[in-house]
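Chemist: Just so you know, the sequences run in chain order G and D.
The number in this note's numbering is simply the position in the first sequence, starting from 1, with 67 added.
The number in this note's numbering is simply the position in the second sequence, starting from 1, with 77 added.
We put the CB at the ideal spot given by N, CA and C, even for glycine.
Quick caveat: nothing in here was measured; it's all calculated off a predicted structure.
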Amino acid sequence: MPAVEMHDVYKSFKNSHFDLKIDELQIQKGSIFGVLGPNGAGKSTLLKILMDLVKADKGQIRLLDCKHQERSRLQARTAFMPENKDLYASLTVEQMLDLAARLVPGWRQQKASHLLTLFPLRSEQKISTLSWGEKTQLYTIITFAKAADLYLLDEPTRGLDPVMQERMLSLIKEESIDGHTIIFSSHQIAELEETIDALMILKQGRIALSGELDLLKENCFLLASTTPDHSARSWLEQHARILGCRHVGEHLIYLCQSDASFQERTQKNQPQLQFLDFGLKQLFITLVESEEDNHAFIP
Amino acid sequence: MPLFLKELADLRWRFLILIILLLGLAYLILGHYELFLSMIDLQEIEQGIQQAPWIKRFYGEQNLLHELQQIMDNKQLYIWSQWFGKNLLQLVLLAVILFAFSTFAREREQGTLHFLMTNCSRKEIFAAKLAAGSVCTLLFCALGAWLPAILAPLYDFAFTSSQAVQYGVQLTAAALFLYSIVWFLSLVSTDVVKPLLGSIVIFALLSIPGRIASIQSLYIYRYMSGTDIFFSGQIHWPAILVLLLLTTILLYGSWKYFEQMDI
Numbered sequence: 068m069p070a071v072e073m074h075d076v077y078k079s080f081k082n083s084h085f086d087l088k089i090d091e092l093q094i095q096k097g098s099i100f101g102v103l104g105p106n107g108a109g110k111s112t113l114l115k116i117l118m119d120l121v122k123a124d125k126g127q128i129r130l131l132d133c134k135h136q137e138r139s140r141l142q143a144r145t146a147f148m149p150e151n152k153d154l155y156a157s158l159t160v161e162q163m164l165d166l167a168a169r170l171v172p173g174w175r176q177q178k179a180s181h182l183l184t185l186f187p188l189r190s191e192q193k194i195s196t197l198s199w200g201e202k203t204q205l206y207t208i209i210t211f212a213k214a215a216d217l218y219l220l221d222e223p224t225r226g227l228d229p230v231m232q233e234r235m236l237s238l239i240k241e242e243s244i245d246g247h248t249i250i251f252s253s254h255q256i257a258e259l260e261e262t263i264d265a266l267m268i269l270k271q272g273r274i275a276l277s278g279e280l281d282l283l284k285e286n287c288f289l290l291a292s293t294t295p296d297h298s299a300r301s302w303l304e305q306h307a308r309i310l311g312c313r314h315v316g317e318h319l320i321y322l323c324q325s326d327a328s329f330q331e332r333t334q335k336n337q338p339q340l341q342f343l344d345f346g347l348k349q350l351f352i353t354l355v356e357s358e359e360d361n362h363a364f365i366p
Numbered sequence: 078m079p080l081f082l083k084e085l086a087d088l089r090w091r092f093l094i095l096i097i098l099l100l101g102l103a104y105l106i107l108g109h110y111e112l113f114l115s116m117i118d119l120q121e122i123e124q125g126i127q128q129a130p131w132i133k134r135f136y137g138e139q140n141l142l143h144e145l146q147q148i149m150d151n152k153q154l155y156i157w158s159q160w161f162g163k164n165l166l167q168l169v170l171l172a173v174i175l176f177a178f179s180t181f182a183r184e185r186e187q188g189t190l191h192f193l194m195t196n197c198s199r200k201e202i203f204a205a206k207l208a209a210g211s212v213c214t215l216l217f218c219a220l221g222a223w224l225p226a227i228l229a230p231l232y233d234f235a236f237t238s239s240q241a242v243q244y245g246v247q248l249t250a251a252a253l254f255l256y257s258i259v260w261f262l263s264l265v266s267t268d269v270v271k272p273l274l275g276s277i278v279i280f281a282l283l284s285i286p287g288r289i290a291s292i293q294s295l296y297i298y299r300y301m302s303g304t305d306i307f308f309s310g311q312i313h314w315p316a317i318l319v320l321l322l323l324t325t326i327l328l329y330g331s332w333k334y335f336e337q338m339d340i
């Protein structure tokens, strides 16, 4: 069952060349979905569109079986942590938590108290004096104290020290185990890789790649051609889908999508093509630095 | 309701300071008519007229001094001109700006609108902010209009409660219109400086019709100060209706803007 469905969504901005176009996107309930992309790719805009903070020009969006504009039905079921963790600077931590308890629908006081032990903050400290990391911790408490079904987190670990990052990721995993859907954007590819079930890579407002992480690793291949070789390129074009291609020194690195037998066939017919071990980071860099315009959905 | 209380709490210090100012000024202006009289030295004025013969040419010396004396003896005129026409009017303008200028602009400037909009609907936010500011403006205008009636028996001048209602109605209608202007400026601004400066400029521009006889009916401060009530004893209902209509249009426009606004 999808928690999020987007179809033919488009958003442009006045006085900006940037636009976001999501042809098709589904995020399964209970999954941890990562949104990756370089700066200005549209990650925050996408999350804000889902929260109806930014109005899409067109398209259909459904969250938790409701239209995303039905805020009265979704208010208590969705939680959002924005990129800038801004809260009322003149309040103390305690006053902010009191305010949140009164304003946030579905507030769980016990959960808030538990989170306060995970992310210890001095209750009398003014928010204006908190560091970025401490503000993130406070926002985390407020976000997860809400009994939501869908959590949207925009760079939740930015500015956190490694211990707090680890706690944040554990919290995300726990919430997912409890059946809640988590969507989060991050530039920390390593942490995403160990946490997410599925991901989407955005590039210039378009989906460059999306799908389940395991399948993506099975179906994507990173190859290096040792010499500028037209035959290698035409082989790849015939037997796979080239998702990205970039120069590294005198090598050409290809990111391709194909079936399981692709590696065996290629090694037999194009021995000059070298298969590389890769992780999400290499995949991301190849896609982002590539001039290829293909995109792939790996279900 | 919690959001409304939060908005009221945000305004509490501004409201309190303005109320203290209002009470202090009311005590000074309405309770110290004699002090005002003692500050005007008719002999000095007479000497001044002697040195300015052109005044005598246009206005006989005796006539001028006589009329001046009459004006100074008219306590009703003093109450209206110094309270409704001057001090209360200026305080209400200040109050309207202070209650409205930061409503949305500060939330946008500090980035806290994300927190609100994640947990409350746009309708709730709009209604709570509007209600809190309007309540403060209403209370301030009502108290300002009623103070002469409250102080009248203490300081021996005539001002009835029905007069207070008349002045209050006209003052409140005009104040709400001005409030909706500043509110709109706050909504479309991403920092608090623009609505503050914008409202000062607009309020200054609104005084222009007062200097041009042919467009006196567009002079909003005339209705705020209750000129019609003082001279005719009647509320200027057409002006009230137009002001309420304009306020409604402005607030509806603000809502439409807010409904579609990207955060």
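1. Which whole-angstrom value is the C-beta distance of L280(G) and A70(G), which I expect to be below 8 Å?
2. Would you please verify whether the beta carbon of P366(G) is less than 8 Å from any beta carbon of chain D?
3. Counting only the same chain and skipping the five closest in sequence on each side, list residues whose C-beta sits under 7 Å from that of D153(G).
4. Report the residue from I317(D), L318(D) and G303(D) whose alpha carbon sits nearest the alpha carbon of S158(D).
5. Grab me the residues of V278(D)'s own chain with a C-beta within less than 7 Å of its C-beta, minus the 5 sequence neighbours each way, in chain order.
6. Where P315(D) and L95(D) are concerned, what is the direct C-alpha to C-alpha distance, given to the nearest angstrom?
7. From R300(G) to E317(G), what distance separates their C-alpha atoms?
8. Residues in its own chain within less than 6 Å of I250(G) by CB, not counting five upstream and five downstream?
9. With 16 other CB atoms within 10 Å as the buried threshold, where does K335(G) fall?
10. Is P272(D) buried or exposed, if buried means 16 or more other CB atoms sit within 10 Å of its CB?
11. Please return the same chain residues whose Cβ sits closer than 7 Å to the Cβ of L347(G), not counting the five positions on each side in sequence.
12. Could you pull out every unbroken beta strand (DSSP E) segment of at least 3 residues lying fully inside the region 190–214 of chain G, listed in chain order?
13. May I ask you to list the residues that DSSP assigns as paired with V102(G)?
14. Are K110(G) and T248(G) close, meaning C-beta to C-beta below 8 Å?
15. Three-state secondary structure (DSSP) at T145(G)?
16. Fully enclosed by the region 282–326 of chain G, which alpha helix (DSSP H) runs are 4 residues long or longer?
17. Among L170(D), R185(D) and F192(D), which residue has its Cα nearest to the Cα of A168(G)?
18. Closer than 8 Å is the cut-off here; do at least three beta carbon pairs connect the region 309–325 of chain D with the region 168–181 of chain D?
19. Tell me, which residues are paired with M73(G) by DSSP?
20. Using DSSP with H/G/I as helix, E/B as strand and the rest coil, what is S211(D)?
21. Work out the CA separation of F147(G) and F335(D) for me, nearest whole Å.
22. Once the 5 residues before and after D305(D) are set aside, which same chain residues still bring their CB inside 6 Å of it?
23. Got a sec, what are the start and stop residues for the alpha helix (DSSP H) Y155(D) sits in?
24. Would you say C197(D) lies against chain G (beta-carbon separation less than 8 Å)?
25. If I'm right that L107(D) touches Y232(D) with Cβ under 8 Å, what's the distance once you round it to whole angstroms?
26. Secondary structure at K134(G), three-state DSSP: helix, strand or coil?
27. Could you list the residues in the region 84–100 of chain D with a C-beta less than 7 Å from some C-beta on chain G, going in chain order?
28. Between S266(D) and the rest of its own chain, which residues show a CB-CB distance below 6 Å, the 5 nearest in sequence each way excluded?
29. Going along the chain, which residues of its own chain have a beta-carbon closer than 8 Å to the beta-carbon of D86(G), five neighbours each way excluded?
30. Straight-line CA distance for R89(D) to I317(D)?
31. In or out: S83(G) buried (at least 16 other Cβ within 10 Å) or exposed?
32. Cutting at 6 Å between CB atoms, please list the residues of its own chain near F254(D), excluding the five before and the five after it.
33. Is there a C-beta anywhere in chain D that falls below 8 Å from the one on P149(G)?
34. Note down, in chain order, every chain D residue with its Cβ under 7 Å from the Cβ of R169(G).
35. Assign K81(G) to one of three DSSP states: helix, strand, or coil.
36. Check E279(G) in the structure and name its three-state DSSP category.
Modeler: In terms of the structure at hand:
1. Taking the first residue of the first sequence as position 1, residue 280(G) is located at position 213. Taking the first residue of the first sequence as position 1, residue 70(G) is located at position 3. Contact flag wrong, Cβ pair sits at about 17 Å.
2. Position 299 of the first sequence, counted from the first residue, corresponds to residue 366(G). The pLDDT assigned to P366(G) is 49, lower than 50, so where the model puts this residue is not dependable; a value taken from the coordinates is nonetheless given after this. Taking Cβ atoms only, chain D never reaches closer than 8 Å to P366(G), which makes this a no.
3. The residue labelled residue 153(G) in the question sits at position 86 within the first sequence. If we look at D153(G) and ignore the five residues flanking it on each side, it has no Cβ neighbours.
4. The residue labelled residue 158(D) in the question sits at position 81 within the second sequence. The shortest Cα separation from S158(D) among I317(D), L318(D) and G303(D) belongs to G303(D).
5. Counting from one through the second sequence, the residue named residue 278(D) turns up at place 201. Here the set comprises nothing.
6. In the second sequence, counting from the first residue as 1, residue 315(D) sits at position 238. In the second sequence, counting from the first residue as 1, residue 95(D) sits at position 18. Rounded to whole angstroms, P315(D) to L95(D) spans 30 Å at the Cα level.
7. Within the first sequence, residue 300(G) is the residue found at index 233, counting from 1. Within the first sequence, residue 317(G) is the residue found at index 250, counting from 1. Looking at the two C-alpha atoms, the distance is approximately 15 Å.
8. Residue mapping note: residue 250(G) aligns to position 183 of the first sequence, counting from 1. The residues are F100 and L219.
9. Numbered from its first residue, the first sequence carries residue 335(G) at position 268. So K335(G) counts as exposed.
10. Along the second sequence, read from residue 1 onward, the residue named residue 272(D) stands at position 195. By the neighbour-count rule (16 or more Cβ atoms within 10 Å), P272(D) is buried.
11. Indexing the first sequence from 1 puts residue 347(G) at position 280. The answer, listed in chain order, is I256, L259 and E260.
12. none
13. Translated into positions along the first sequence, residue 102(G) becomes position 35. The partner list for V102(G) (beta bridge, DSSP) reads S252(G) and M267(G).
14. Residue numbering aside, residue 110(G) sits at position 43 when the first sequence is read from its first letter. Residue numbering aside, residue 248(G) sits at position 181 when the first sequence is read from its first letter. Not closer than 8 Å, so no.
15. Here the question's residue 145(G) lines up with position 78 in the first sequence. Residue state, collapsed to three classes: strand.
16. 297–306
17. Residue mapping note: residue 168(G) aligns to position 101 of the first sequence, counting from 1. Looking at the Cα atoms, F192(D) is the closest of the given residues.
18. no
19. Walking along the first sequence from the start, residue 73(G) turns up at place 6. L92(G) and I128(G), per the DSSP bridge assignment.
20. By one-based count along the second sequence, residue 211(D) stands at place 134. Three-state DSSP puts S211(D) in a helix.
21. Within the second sequence, residue 335(D) is the residue found at index 258, counting from 1. Within the first sequence, residue 147(G) is the residue found at index 80, counting from 1. Their backbone Cα atoms lie some 20 Å apart in a straight line.
22. Residue numbering aside, residue 305(D) sits at position 228 when the second sequence is read from its first letter. Hits under 6 Å: H313.
23. Start at 1 with the first residue of the second sequence, and residue 155(D) comes out as number 78. It spans K152 to Y155 - the alpha helix (DSSP H) in which Y155(D) sits, taken as one unbroken run.
24. One-based indexing of the second sequence puts residue 197(D) at position 120. Taking Cβ atoms only, chain G reaches closer than 8 Å to C197(D), which makes this a yes.
25. By 1-based counting over the second sequence, the position of residue 107(D) is 30. By 1-based counting over the second sequence, the position of residue 232(D) is 155. Yes, L107(D) and Y232(D) are in contact; Cβ-Cβ is about 6 Å, under 8 Å.
26. By one-based count along the first sequence, residue 134(G) stands at place 67. Correct three-state label for K134(G): strand.
27. none
28. As a first step, residue 266(D) is located in the second sequence; it is residue number 189 there, counting from the start. Cβ neighbours of S266(D) beyond the five flanking positions: A182 and P272.
29. Stepping through the first sequence from its first residue, residue 86(G) is reached at position 19. Excluding sequence neighbours, D86(G) sits near Y77, K78, S79, F80 and G272.
30. Here residue 89(D) corresponds to residue number 12 of the second sequence, with the count starting at 1. Here residue 317(D) corresponds to residue number 240 of the second sequence, with the count starting at 1. Whole-angstrom Cα-Cα distance: 28 Å.
31. Position 16 of the first sequence, counting from 1, holds the residue named residue 83(G). So S83(G) counts as exposed.
32. Residue 254(D) sits at position 177 when you count from the first residue of the second sequence. Hits under 6 Å: L320, L323 and T324.
33. Sequence index remark: in the first sequence, residue 149(G) carries index 82 (1-based). Taking Cβ atoms only, chain D reaches closer than 8 Å to P149(G), which makes this a yes.
34. Numbered from its first residue, the first sequence carries residue 169(G) at position 102. Those within 7 Å of R169(G) in chain D are P79.
35. Residue 81(G) sits at position 14 when you count from the first residue of the first sequence. Residue state, collapsed to three classes: coil.
36. Stepping through the first sequence from its first residue, residue 279(G) is reached at position 212. Looking at E279(G) - three-state DSSP - the assignment turns out to be strand.
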